[in-house]
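Using UniProt numbering, you'd call the opening residue of the sequence shown number 1 and step up by one each time. Positions of the beta carbon are idealized from the N, C-alpha and C atoms, including for glycine. Fair warning: this is a prediction, and the values are worked out from it, not measured in the lab. See structure below.
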Amino acid sequence: MANQPLLNTYGRLPVVFEHGRGMWLYDTEGQRYLDTFTGIAVCGLGHSHPGVAHAISQQAERLTHCSNLFHCKLQQELAHRICDQTGMDGAFFANSGAEVNETAIKLARHYGHQRGVTNPSIIVMENAFHGRTLATLTATGNRRVQAGFEPLVSGFVRAPFDDLAAVEAIAEANHDVVAILVEPVQGEGGVAIPDPDYLPGLRDICDRNNWLLMLDEVQTGNARTGTYLACQQAGVEPDVVTLAKGFGNGYPIGACLARGEAARVFGPGSHGSTFGGNPLGCAAALAVLDAIEQDALTQRARILGQRLLDRFREHLEGADYIHDIRGQGLMLGIELTGPCSELVLLAKVQGILLNITRERVIRLLPPLTMTDDEADYLADQVIRIIKLYAADDRDRPRQ
Ligand SMILES: Cc1ncc(COP(=O)(O)O)c(C=O)c1O
1 MANQPLLNTY GRLPVVFEHG RGMWLYDTEG QRYLDTFTGI AVCGLGHSHP
51 GVAHAISQQA ERLTHCSNLF HCKLQQELAH RICDQTGMDG AFFANSGAEV
101 NETAIKLARH YGHQRGVTNP SIIVMENAFH GRTLATLTAT GNRRVQAGFE
151 PLVSGFVRAP FDDLAAVEAI AEANHDVVAI LVEPVQGEGG VAIPDPDYLP
201 GLRDICDRNN WLLMLDEVQT GNARTGTYLA CQQAGVEPDV VTLAKGFGNG
251 YPIGACLARG EAARVFGPGS HGSTFGGNPL GCAAALAVLD AIEQDALTQR
301 ARILGQRLLD RFREHLEGAD YIHDIRGQGL MLGIELTGPC SELVLLAKVQ
351 GILLNITRER VIRLLPPLTM TDDEADYLAD QVIRIIKLYA ADDRDRPRQ
């Protein structure tokens, strides 16, 4: 299928989807596919969620967009709801994960300048992913994302993930640091789950140095890991937290939330977005919050995540091609012992959509709305495909 006249930025599978429902996507030939990663953690309520579809269509008939030059009732309502949900004090709405992370980076720099730091730096982690704009790709810890886009943005210091001593060492040596930006669980980085002491340790270092703790919950947020924010499981309150992906269940909306002093950093004119927080996006995000609350989806993510983990461990653990099986809520990783990109094509032929990160980690981000039976079905299909792939791989001639 030719890509022209689209710019050549994606390696795409040869399939065109026409509609979706729950954990299923249907292509133009009428074939259905089991979607195990919901647009990379976007459709957390499943495809075409009726509550969100209704909210969007109702709002589209009333008012889609005005301007942030005026007050917007739905934006204020959404800010109240999301601050209540997260314990934060203020919200800025934008349209994507990269944009809300840019907002956080700008906020940290402004915070630094207000404290007299003329070259403020932010600590970011190896294998992190924060987006594709220039500042967020610089913050991203992956050379493949950065290569060819130099010069990168200054003002970032890199530390290994899940290594408190490394951050302490930076604190000793670098007096320009004003913030840490980190994912509570690295998604693109291979579903890397840090030690339970990591986030509380970072909180403590930030408190001792007057740094902002900024959590990128673009992928982990919106109930995905079993609490609304992943950091709530660690009992950690960030100064800044970013949300996108599942926040609008497919409508592009994200939020940068701030607490305490961080919530007082910006003033009129500091930052802005034409589309950010328009009534249509706010209606979608409010419908998502309603569904999470009404259907107790944080709890469901915990229960279903454990159910999937148990089933994967029962059927796959100990196999010579499995390196590790891990997860937090409905963010799961099955790490194989070798690169497994061919698995995506094999699964597609079998009607299953799989996502691989860091070459060897099957990343599962299924909808939080699955029934128990659907979760079992999904687990059984993934197990079947992995076993099929392992058997095929064994038969493949080595060079
Ligand atoms: C943790 C994290 N931050 C930021 C982003 C960037 O989000 P977007 O693609 O909406 O700009 C992603 C996307 O995968 C992500 O996983």
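With a 10 Å radius around its C-beta and 16 neighbouring C-beta atoms as the bar for buried, classify Gln114 as buried or exposed.
Residue mapping note: residue 114 aligns to position 114 of the sequence shown, counting from 1. Exposed, since its Cβ has fewer than 16 Cβ neighbours within 10 Å.
Limits of the beta strand (DSSP E) - the one that Gly327 falls within:
The residue given as residue 327 occupies position 327 in the sequence shown. Where Gly327 is concerned, the enclosing beta strand (DSSP E) starts and stops at Ile322 to Gln328.
Can you tell me which of Asn8, Thr138, Thr136 and Asn142 puts its alpha carbon nearest to the alpha carbon of Asn127?
Within the sequence shown, numbered from 1, the residue matching residue 127 stands at position 127. The alpha carbon of Asn127 has as its nearest neighbour, out of Asn8, Thr138, Thr136 and Asn142, the alpha carbon of Asn142.
Could you work out which residue in Ala159, Asp392, Pro184 and Gly201 is closest to Val173 when comparing CA atoms only?
Taking the sequence shown and counting its residues from 1, one reaches residue 173 at position 173. Checking the sequence, you will find Ala at residue 173 rather than Val. Per the Cα distances, Ala159.
So which residues put a beta carbon under 6 Å from any heavy atom of ligand 1, going in chain order?
A distance filter of 6 Å between CB atoms and the heavy atoms of ligand 1 selects the following residues in sequence order: Ile40, Ser96, Gly97, Ala98, Asn101, Phe129, His130, Gly131, Glu183, Gly187, Glu188, Asp216, Val218, Gln219 and Ala244.
Pick from Ala230, Gln59, Asp204 and Asp207: whose alpha carbon is nearest that of Phe215?
Position 215 of the sequence shown, counted from the first residue, corresponds to residue 215. Looking at the sequence provided, one finds Leu at residue 215 rather than Phe. Looking at the Cα atoms, Ala230 is the closest of the given residues.
Do Asp162 and Tyr198 have their C-beta atoms within less than 8 Å of each other?
The residue given as residue 162 occupies position 162 in the sequence shown. The residue given as residue 198 occupies position 198 in the sequence shown. Cβ distance < 8 Å, so Asp162 and Tyr198 count as in contact.
Secondary structure of Val185, DSSP reduced to three states
Counting from 1 along the sequence shown, the entry for residue 185 is found at position 185. Coil, per DSSP.
Ordered along the chain, which non-local residues of its own chain (more than five positions away) have a Cβ less than 8 Å from that of Phe247?
Within the sequence shown, the letter at position 247 stands for residue 247. Listed in chain order, the non-local C-beta contacts of Phe247 below 8 Å within the same chain comprise Gly221, Asn222, Ile253, Gly254, Ala255, Ala285 and Val288, local neighbours out to five positions each way being set aside.
Going by the CB atoms, is the gap between Gly22 and Thr369 shorter than 8 Å?
Position 369 of the sequence shown, counting from 1, holds the residue named residue 369. Position 22 of the sequence shown, counting from 1, holds the residue named residue 22. Yes, the Cβ-Cβ distance between Thr369 and Gly22 is below 8 Å.
Answer yes or no: does any C-beta atom of chain D fall closer than 8 Å to that of Asp35?
In the structure shown, chain D does not exist; there is a single protein chain.
Could you give the C-beta distance for Asn189 and Phe93, rounded to a whole number, given that I count them as a contact under 8 Å?
For the purposes of this step, residue 189 is taken as residue 189 along the sequence shown, with counting starting at 1. For the purposes of this step, residue 93 is taken as residue 93 along the sequence shown, with counting starting at 1. Per the sequence shown, residue 189 should be read as Gly rather than Asn. Not a contact, Cβ separation roughly 26 Å.
Buried versus exposed, by CB contacts within 10 Å (16 or more), Ala347
Counting from 1 along the sequence shown, the entry for residue 347 is found at position 347. Residue burial annotation: Ala347 is buried, with at least 16 other C-beta atoms found within 10 angstroms of its C-beta.
Contact between the region 384 to 395 and the region 315 to 322 is defined here as three or more beta-carbon pairs at a separation below 8 Å; is this criterion met?
With contact defined as three or more Cβ pairs closer than 8 Å, the region 384 to 395 and the region 315 to 322 are in contact.
So, using beta-carbon positions, are Gly148 and Lys245 closer together than 8 Å?
Counted from its first residue, the sequence shown places residue 148 at position 148. Counted from its first residue, the sequence shown places residue 245 at position 245. Taking 8 Å as the Cβ cut-off, Gly148 and Lys245 do not qualify as a contacting pair.
Please list the terminal residues of the continuous alpha helix (DSSP H) segment that includes His315.
As a first step, residue 315 must be located in the sequence shown, where it is residue number 315. Residues Leu297 to Leu316.
For Ala179 and Phe266, I'd like the C-alpha separation in whole angstroms.
As a position in the sequence shown, residue 179 is number 179, starting the count at 1. As a position in the sequence shown, residue 266 is number 266, starting the count at 1. In this model, Ala179 and Phe266 are separated by some 16 Å (Cα to Cα).
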